[in-house]
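Heads up: the sequence lines are chains A and B, in that order. Residues 1 to 207, numbered by the UniProt record's numbering, are exactly what the first sequence covers, in order. Residues 1 to 207, numbered by the UniProt record's numbering, are exactly what the second sequence covers, in order. Working notes, beginning with the structure itself.
2 protein chains.
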Amino acid sequence: MTPETIARELRGELMAGVLRPGTDLSQVELAQRFGVSRIPIRDALRILAGEGLVEIEANRGARAISLTPDEVREIYDLRTLLECDCLRRAAAAMTPAALEEIERVRLKSDLDAVGAEWADGDWAFHRTIYQFAGRRRQLVMIEALRRTCLLFVSAYATMPTKTPRWLGEHDDIVRHLRRGETEQAVLGLKGHLEGAATHLLAHMMAS
Amino acid sequence: MTPETIARELRGELMAGVLRPGTDLSQVELAQRFGVSRIPIRDALRILAGEGLVEIEANRGARAISLTPDEVREIYDLRTLLECDCLRRAAAAMTPAALEEIERVRLKSDLDAVGAEWADGDWAFHRTIYQFAGRRRQLVMIEALRRTCLLFVSAYATMPTKTPRWLGEHDDIVRHLRRGETEQAVLGLKGHLEGAATHLLAHMMAS
DNA sequence: TATAGGCGAAGTGTATACATGTATACATTC
DNA sequence: GAATGTATACATGTATACACTTCGCCTATA
Numbered sequence: 001m002t003p004e005t006i007a008r009e010l011r012g013e014l015m016a017g018v019l020r021p022g023t024d025l026s027q028v029e030l031a032q033r034f035g036v037s038r039i040p041i042r043d044a045l046r047i048l049a050g051e052g053l054v055e056i057e058a059n060r061g062a063r064a065i066s067l068t069p070d071e072v073r074e075i076y077d078l079r080t081l082l083e084c085d086c087l088r089r090a091a092a093a094m095t096p097a098a099l100e101e102i103e104r105v106r107l108k109s110d111l112d113a114v115g116a117e118w119a120d121g122d123w124a125f126h127r128t129i130y131q132f133a134g135r136r137r138q139l140v141m142i143e144a145l146r147r148t149c150l151l152f153v154s155a156y157a158t159m160p161t162k163t164p165r166w167l168g169e170h171d172d173i174v175r176h177l178r179r180g181e182t183e184q185a186v187l188g189l190k191g192h193l194e195g196a197a198t199h200l201l202a203h204m205m206a207s
Numbered sequence: 001m002t003p004e005t006i007a008r009e010l011r012g013e014l015m016a017g018v019l020r021p022g023t024d025l026s027q028v029e030l031a032q033r034f035g036v037s038r039i040p041i042r043d044a045l046r047i048l049a050g051e052g053l054v055e056i057e058a059n060r061g062a063r064a065i066s067l068t069p070d071e072v073r074e075i076y077d078l079r080t081l082l083e084c085d086c087l088r089r090a091a092a093a094m095t096p097a098a099l100e101e102i103e104r105v106r107l108k109s110d111l112d113a114v115g116a117e118w119a120d121g122d123w124a125f126h127r128t129i130y131q132f133a134g135r136r137r138q139l140v141m142i143e144a145l146r147r148t149c150l151l152f153v154s155a156y157a158t159m160p161t162k163t164p165r166w167l168g169e170h171d172d173i174v175r176h177l178r179r180g181e182t183e184q185a186v187l188g189l190k191g192h193l194e195g196a197a198t199h200l201l202a203h204m205m206a207s
């Protein structure tokens, strides 16, 4: 039960919607639950705070973050900016072998698409493409932004019905990449992200 | 002596080049120096790790980060991406009052330009512009990237000679903003950042 | 009745003590 | 002589105990 293990566990619960946005994360409570003292819990909470999933206020404890619609809008704009740039760089470094791997991951994520693991497959697909850009920090930043959004996607909506359409959009991106139509692929990604943002914002407004 | 205070102090030393990249940050040593136990030191190190200024390895302690030229290149590309977007959004929201404030900060930063506070004035100018974009998270991300770079700017070079030229570039950006020539201003900023990247990379190679 | 002030409980923050892991130097073996 | 095993010193990780802050609740007073 290291702080990293605890952080991973809590991260999973935050992203699965078990711990809803705004929830107070009591040190004593978590310490009892994980069977450790409060010190490793504090470390775990600091790790999550560094990732932006948790807010720590001195003498007042930690709580799961809560976002306003404006912040969600900003995060999706940032993702669009960073992910489209990453896609362009990846497209410039594309090889037949790379395209093959991307297509393999796409098919696999297609199988994962049913059920709660939907988001994992989706991200596996995008990450596989982005990796070929060779931008480690950029990928870390994208991943952090994505996690923050996912917190709310999971909490507010499970998006089961949208799956088929999304997978079609994945297919479009791969097809454009294969043909070397970089800007077409970027447009596809932009629409993909915009659709997610619209969907999430609508759910936030409704609840 | 709260963890936040300690983190701020260490951040300052990291950015001033007192603590060189790669330096080991011993918990006991820092605890003695700040006159506290190791617990708040650990918290401070976690905060800095969250900001990307420090790397923590389990059971092996913390050290000031060290960047490769490739990483510096990536960071400047990210800054260009995020800052140019921020500038465009700010330009779209520009008002006479905003322009006046920007010009006031520019003149003030002109005075600060001599000496070690050069970087503070430079950032004050850019931040003043970016604020009008109303993008809090984006600004935080830019600030984090900028800090990471500054770590190496301070450590490897003090950039005293470049000051006059840089201030001229600031003036150019303001002038284009005033005339509503957004893309010209963006080009100015791009050149500004590219100049800094080139300068820093050259110094890294030389040392 | 409304409000200001002050207990008191609950939770976080920190210091001390102890447990655990890592590195260095030396001894041992092939 | 090189490589591996081992012991010791040192740094980090964690638990317990105590100090401090915060916030709710109660009481006294206008």
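Note that the Cβ used here is the ideal one computed from N, Cα and C, for glycine as well. None of the values given here were measured: they were computed from a predicted structure.
For residue 215 (chain B), the residue or residues it bridges with in DSSP: Past the edges of chain B, shown from 1 to 207, lies residue 215 (chain B), and the structure says nothing about it.
Within 8 Å of chain B by C-beta, residues of the stretch 116 to 150 of chain A in sequence order: With the criterion set as a beta carbon lying under 8 Å from some beta carbon of chain B, the members of the stretch 116 to 150 of chain A are 135, 136, 137, 138 and 141, in sequence order.
Within chain B, the residues that residue 50 (chain A) reaches when beta carbons sit closer than 8 Å: On the first sequence, residue 50 (chain A) is found 50 positions in, with the first residue counted as 1. Within chain B, the residues 46, 47, 49, 50 and 51 have their CB atoms less than 8 Å from the CB of residue 50 (chain A), given in chain order.
Three or more C-beta pairs below 8 Å linking the stretch 60 to 68 of chain B and the stretch 121 to 140 of chain A: The stretch 60 to 68 of chain B, when compared against the stretch 121 to 140 of chain A, does not touch it at the 8 Å Cβ threshold.
CB contact below 7 Å: residue 85 (chain B) versus chain A: Position 85 of the second sequence holds residue 85 (chain B). With a threshold of 7 Å between beta carbons, residue 85 (chain B) makes contact with chain A.
CB contact check: residue 81 (chain A) to chain B, cutoff 7 Å: The sequence position of residue 81 (chain A) within the first sequence is 81, counting from 1. Yes, its Cβ sits closer than 7 Å to a Cβ of chain B.
Enclosing beta strand (DSSP E) for residue 72 (chain A) [first to last residue]: The residue labelled residue 72 (chain A) in the question sits at position 72 within the first sequence. Per DSSP, residue 72 (chain A) is not a residue of any beta strand (DSSP E); the alpha helix (DSSP H) it occupies stretches across 69 to 92.
Exposure of residue 74 (chain A), with buried meaning 16 or more beta-carbon neighbours within 10 Å: Within the first sequence, numbered from 1, the residue matching residue 74 (chain A) stands at position 74. So residue 74 (chain A) ends up on the buried side.
Unbroken alpha helix (DSSP H) run spanning residue 186 (chain A), endpoints: For the purposes of this step, residue 186 (chain A) is taken as the residue at position 186 of the first sequence. Unbroken alpha helix (DSSP H) run through residue 186 (chain A): 182 to 206.
Exposure label - residue 92 (chain B); buried when at least 16 CB within 10 Å: Along the second sequence, one-based indexing puts residue 92 (chain B) at 92. Classification of residue 92 (chain B): exposed, given that the 10 Å Cβ count is below 16.
Close-in-space but distant-in-sequence residues of the same chain around residue 3 (chain B) (CB under 7 Å, 5 per side omitted): On the second sequence, position 3 is the one that residue 3 (chain B) refers to. 40, 43, 44 and 47.
Residue from A:142, A:174 and A:106 whose Cα sits closest to the Cα of residue 52 (chain A): The residue labelled residue 52 (chain A) in the question sits at position 52 within the first sequence. Minimum Cα distance to residue 52 (chain A) is reached at A:142.
Residue 71 (chain A): contacting residues in chain B (beta-carbon distance under 9 Å): As a working note, residue 71 (chain A) is residue 71 in the first sequence. Listed by position along chain B, the residues whose Cβ is nearer than 9 Å to that of residue 71 (chain A) are 136 and 137.
Cα-Cα separation, residue 15 (chain A) to residue 177 (chain B): Position 15 of the first sequence, counting from 1, holds the residue named residue 15 (chain A). Position 177 of the second sequence, counting from 1, holds the residue named residue 177 (chain B). Spanning the two alpha carbons is a distance of roughly 42 Å.
Option in B:33, B:50, B:140 and B:110 with minimal Cα separation from residue 169 (chain B): To locate residue 169 (chain B), count along the second sequence from 1; it is residue 169. Checking every option, the nearest Cα to that of residue 169 (chain B) belongs to B:110.
Residue interval of the beta strand (DSSP E) (run including residue 55 (chain B)): Mapped onto the second sequence, residue 55 (chain B) falls at position 55. Judged by DSSP secondary structure, residue 55 (chain B) falls within the beta strand (DSSP E) whose first and last residues are 54 to 57.
Interface residues of the UniProt domain "HTH gntR-type" (1 to 67) of chain B facing chain A [CB-CB below 8 Å]: Answer in chain order: 2, 4, 39, 42, 43, 46, 47, 49, 50, 51 and 58.
Pairwise C-alpha distance: residue 181 (chain A) and residue 161 (chain A): The sequence position of residue 161 (chain A) within the first sequence is 161, counting from 1. The sequence position of residue 181 (chain A) within the first sequence is 181, counting from 1. Note that residue 161 (chain A) has pLDDT 48, beneath the 50 cutoff, so the model's placement of it is unreliable and no number is given.
Three-state secondary structure assigned by DSSP to residue 51 (chain B): The residue given as residue 51 (chain B) occupies position 51 in the second sequence. In this structure, residue 51 (chain B) counts as coil in the three-state DSSP scheme.
Three-state class that DSSP yields for residue 161 (chain A) in the structure shown: As a first step, residue 161 (chain A) is located in the first sequence; it is residue number 161 there, counting from the start. Here the model assigns residue 161 (chain A) a pLDDT of 48, short of 50, so the residue's position is not dependable, and the following value carries that caveat. Assigned with DSSP and collapsed to three states, residue 161 (chain A) falls in coil, not helix or strand.
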